[in-house]
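Enquirer: This is the structure, below, for whatever I ask next.
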Amino acid sequence: MSQVMIMKNSRPDIGLYTRPATVGDEYELVGQFIDYYCNTFIRNNKKTQLAVFVEPRIDSGFPDVVFASYLPSIADNWSDKREALDVFDLKLLSYLCTTEDVIGSKIISTLGFPEKQTLASLEKLMDAKLVSYRGCSWRVRELREVFSLTKLIAVEAKLNDINKVVEQTHLNTRFASQSYALTNSAHPQGTTVKTFKRFGLGLYGKDSQFRRIIEAKPFSLPSSYLSFQFNEWIGKSLAREGGIQYA
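One point on numbering: in numbering that gives the first Met the number 0, the residue at position 203 of the sequence shown is 202, and numbering is uninterrupted.
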């Protein structure tokens, strides 16, 4: 299995859709950064794998690139039942990760989801070995058994006026463990640096080589159902390439 997996094109078979690239200076900058990040990752990581998503479609838009570091153990507890999981199921799974034991009626009242759909979703999650039901309560299994991402780094590129990408970079904190902007300048204005630091956003710049100007604030994973979405895309892709034997 290759240590790095690049996903540039849409994969309807796993539910992944990407935006066609617009060739130009920004596209070239992103491509160079992907090469830089992957080479750095290979040098410094022996225990994790890397999946690179180029402009994947999520509910808040198309982040330019998302780097997902994951454990090879993603294959250990994979089940063909996970193939049937949809966005609603992942939203429910994400909620269960934020609580201990919870009864079905509490789930329905808290999330406001339809009862029939919620119960059907819980059954799907249980069939996929992601949640368990005991003593009238639902709970997620051990997180390391259901979620294999160790880092989820989102990057938004912008030439010249980096301030225009702050909003999208901030939106990416909804799912990423760290969110960065990427610019072709290695010396941003002081006001730009202050803005990024205030929101916990990171910044990469480039002159002769790439340089991390500001380190992004780290957030715990999974931070939303979108974090799980990247996890599922990786698992499904590996399953189709023969990297996973169904449990």
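The C-beta atom is built at its ideal place from N, Cα and C for all residues, glycine as well.
Since the model is a prediction, treat every value here as computed from it, not as a measurement.
1. When the Cα atoms are used, what is the spatial distance from residue 234 to residue 133?
2. Just to check my reading of the structure: residue 181 and residue 154 have Cβ atoms closer than 8 Å, yes? What is that Cβ distance to the nearest angstrom?
3. Using the Cα positions of residue 215 and residue 60, report the straight-line distance between them to the nearest angstrom.
4. Measure from the alpha carbon of residue 91 to the alpha carbon of each residue in 152, 109, 76, then state which is nearest.
5. Which runs of the beta strand (DSSP E) at least 3 residues long sit entirely within the region 10 to 82? Give them in chain order.
6. My assumption, with CB atoms under 8 Å, is that residue 176 sits in contact with residue 218. Please give the rounded CB distance.
7. Name the two residues that bound the continuous alpha helix (DSSP H) containing residue 172.
8. Using DSSP bridges, identify the partner residues of residue 138.
9. Report the CB separation of residue 191 from residue 161 in whole angstroms; it is logged as a contact under 8 Å.
10. Would the beta-carbon of residue 170 fall within 7 Å of that of residue 69?
11. Measuring alpha carbon to alpha carbon, tell me which residue in 17, 44, 221, 120 is nearest residue 143.
12. Quick one, which of 194, 158, 152 has its alpha-carbon nearest residue 165's?
13. Would you grab the beta carbon distance between residue 64 and residue 13 for me? Rounded to a whole angstrom, and I think it's under 8 Å.
14. Which runs of the alpha helix (DSSP H) fall wholly inside the region 144 to 197 and span at least 4 residues, in chain order?
15. Could you pull the start and end residues of the beta strand (DSSP E) that residue 101 belongs to?
16. Hey, how far is the Cα of residue 10 from the Cα of residue 16?
17. I need the straight-line Cα distance from residue 95 to residue 23, nearest angstrom please.
18. How should residue 48 be labelled, buried or exposed, when 16 other C-beta atoms within 10 angstroms of its C-beta is the threshold for buried?
19. Put residue 246 into one of helix, strand or coil per three-state DSSP.
20. Taking C-alpha atoms, which residue in 83, 1, 136 lies nearest to residue 228?
Expert: Considering the structure as presented:
1. 27 Å
2. 5 Å
3. 21 Å
4. 109
5. 48 to 53, 64 to 69
6. 5 Å
7. Where residue 172 is concerned, there is no enclosing alpha helix (DSSP H), given that its DSSP letter is neither H nor E.
8. 131
9. 6 Å
10. no
11. 221
12. 194
13. Contact flag wrong, Cβ pair sits at about 18 Å.
14. 165 to 170
15. No beta strand (DSSP E) holds residue 101; DSSP gives it neither H nor E.
16. 6 Å
17. 43 Å
18. buried
19. Any reading at residue 246 needs caution, since the residue's pLDDT is 43, under 50, leaving its predicted position unreliable; the model's value is listed next. Looking at residue 246 - three-state DSSP - the assignment turns out to be coil, as it is neither helix nor strand.
20. 83
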